[in-house]
Amino acid sequence: MPDNEKKQLDLNRIFHYKNLSNQNRKIIIGVCVAIFVVTSFVQMQKHLNRPKKEKISTRTVKISPVIKKNVPIYINSFGTLVSPEDVDIKSQVTGKIKEVCFEEGQNVLIGDQLFIIDPSEYEAHLHKAEATLLEDEAELKLKKDILLRNVGLLEKELISQQEFEKYETDVAVTAAKVEVDKAEIELAKINLRYCYIVSPINGVTGVRQVDPGNIVSANTGPVLVNVKQIDTLYMDFTIPEKELPRVRKTMAEGILEVVLTVTGDDTSSYTGKLDFLENSVDDRTGRVLLRAIVDNKDRALWPGQFAKVQLILGTIKNAVLAPYSAVQLGQKGSYLFVIDEQNKAELKLVTVGQKEEDYIVIEKGVKVGERAVTTGQMGLRPGVPVKIID
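Take the sequence shown: its position 331, counted from the start at 1, is 335 in this note's numbering, and no numbers get skipped.
Below, the structure written as structure tokens:
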């Protein structure tokens, strides 16, 4: 376009703009401003959306190796220690307690004296029964002599058969009285022996429930003291009925071992042998009772203690174990981080088994010798370099 024509066009535009109303001028200015703002916003977004090069920082972690060892297969449960011999001592005769012959908490053996019931009344009964026996034995001797003298008279028909039979009856009746007297003597001896209450088992005495001078009744009276045998204990525990088939199968193959730890002493464990399986499942709980025998000659355990129980069913040989603290739970399941040769984090999905002390069995996902992260997993991602500390 020639310069003179361009100048003429510009003059026309200026002339046209000057002839516009104030309202139209404002509209044009507003549109121009809006176009400028939109253009600036689009340019700014393009700048913000440019990919930034992220700086990867080194993470500090602690590690522990994945190991291999034989691991027992077990069922966890809880139970109570029970004395196999638990006896409540009661009096078998009525009378006054004359003497207490033990200290509370004392070790006692079979036959050790515990209480003495006043025996004077029972001694008198025995003396009376013995005297009655002597009297009836003398009478029996007399009746037998009379019978013998009348044998010849019967043969000579000097007495009737009926009279002779009366003499025979007298002998038989008196002989029976003698036998009753002997039984009364035995009963009196038994009752007199019951006055001296002894321990029926080897064990430890509990709290004495009665004091000297109290009157106790035969059999229905109060418990005088309890004696428990504690050198061997029962461990009673239950398992779910779903575990019953494999427990029975393993029992058929041999004796099962039980490992227990008591409340308040997690550092010590005790072993026993499974001895008994209840003959039915409790229909209220769906569990079945088992009993193990635990040797307790050192008396480290006590009846009534609550204990954690592991019923050992076998052994996983050469099991792969990772530190329990290394395993995390995510949306895809259990996982852990391992550190590769370049000291970078690598995520491994794993299939876990049973817990074994501070480790957990890894059925699939990692290999023996890999370095598992035990501390510092927070914020850790695959490929992130790490610094390993002790």
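The C-beta atom is built at its ideal place from N, Cα and C for all residues, glycine as well.
Only a predicted model underlies this, so the values are computations on that prediction, with no experimental measurement involved.
Contact belief for residue i with residue j at Cβ below 8 Å, rounded distance in angstroms
{"i": "serine 95", "j": "isoleucine 121", "result": "6 Å"}
{"i": "aspartate 185", "j": "alanine 142", "result": "The Cβ separation is near 11 Å, so there is no contact."}
{"i": "isoleucine 243", "j": "leucine 315", "result": "7 Å"}
{"i": "valine 214", "j": "proline 226", "result": "6 Å"}
{"i": "arginine 197", "j": "valine 104", "result": "Contact flag wrong, Cβ pair sits at about 18 Å."}
{"i": "valine 377", "j": "valine 65", "result": "5 Å"}
Beta-carbon contacts of residue i that lie in its chain and below 7 Å, excluding the five residues immediately before and after
{"i": "phenylalanine 168", "result": "Asn154 and Leu158"}
{"i": "valine 372", "result": "Val70, Ile71, Lys72 and Val324"}
{"i": "isoleucine 189", "result": "Leu130, Ala133, Glu134 and Leu137"}
{"i": "glutamate 360", "result": "Val75 and Leu325"}
Same chain only: Cβ atoms within 8 Å of residue i, ignoring 5 sequence neighbours per side
{"i": "serine 273", "result": "Val263, Leu264 and Thr265"}
{"i": "glutamate 161", "result": "none"}
{"i": "lysine 57", "result": "With a pLDDT of 48 at lysine 57, under the threshold of 50, the modelled position of this residue cannot be trusted, and the question is left open."}
{"i": "valine 251", "result": "Ile79, Ile243, Leu260, Leu281, Leu294, Leu315 and Leu317"}
{"i": "leucine 248", "result": "Val285 and Val292"}
{"i": "threonine 319", "result": "Asn74, Val75, Pro76 and Ile77"}
{"i": "glycine 210", "result": "Glu108, Gly109, Val229, Asn230, Val231 and Lys232"}
{"i": "asparagine 347", "result": "Pro389, Val390, Lys391 and Ile392"}
Option in the options with minimal Cα separation from residue i
{"i": "lysine 102", "options": "Ala304, Lys321 and Asn218", "result": "Asn218"}
{"i": "aspartate 235", "options": "Glu350, Asp394, Glu374 and Asn111", "result": "Asn111"}
{"i": "isoleucine 67", "options": "Arg385, Gly387, Pro386 and Gln381", "result": "Gln381"}
{"i": "leucine 228", "options": "Asp287, His131 and Thr98", "result": "Thr98"}
{"i": "valine 331", "options": "Val354, Ala311 and Gln346", "result": "Val354"}
{"i": "valine 313", "options": "Glu190, Ile297, Arg288 and Thr319", "result": "Ile297"}
{"i": "asparagine 223", "options": "Gly383, Ile93 and Tyr78", "result": "Ile93"}
{"i": "glycine 268", "options": "Glu190, Arg385, Ile163 and Leu305", "result": "Leu305"}
{"i": "glutamate 183", "options": "Thr84, Thr136 and Gly156", "result": "Thr136"}
{"i": "alanine 192", "options": "Thr209, Asp302, Lys232 and Pro123", "result": "Pro123"}
Beta-bridge partners of residue i, as assigned by DSSP
{"i": "arginine 63", "result": "Val390"}
{"i": "alanine 296", "result": "Met239 and Leu278"}
{"i": "glutamate 103", "result": "Ile120"}
{"i": "threonine 254", "result": "Note: threonine 254 sits in no beta bridge, so no partner."}
{"i": "alanine 349", "result": "Ile343"}
{"i": "arginine 375", "result": "Pro69 and Ile343"}
{"i": "aspartate 92", "result": "Asn230"}
{"i": "tyrosine 363", "result": "Pro327 and Glu360"}
Own chain, CB closer than 6 Å to residue i, minus 5 neighbours either side, in chain order
{"i": "aspartate 344", "result": "Glu350"}
{"i": "valine 220", "result": "Ser95"}
(request) Could you tell me whether the stretch 63-74 touches the stretch 170-184, using the rule of 3 or more Cβ pairs below 8 Å? (result) no
(request) Determine contact between the stretch 195-204 and the stretch 101-116, defined as no fewer than three beta-carbon pairs at a distance below 8 Å. (result) yes
(request) Count the CB pairs spanning the stretch 359-368 and the stretch 321-339 that are closer than 8 Å, and state whether there are at least three. (result) They touch, by the three-pair rule.
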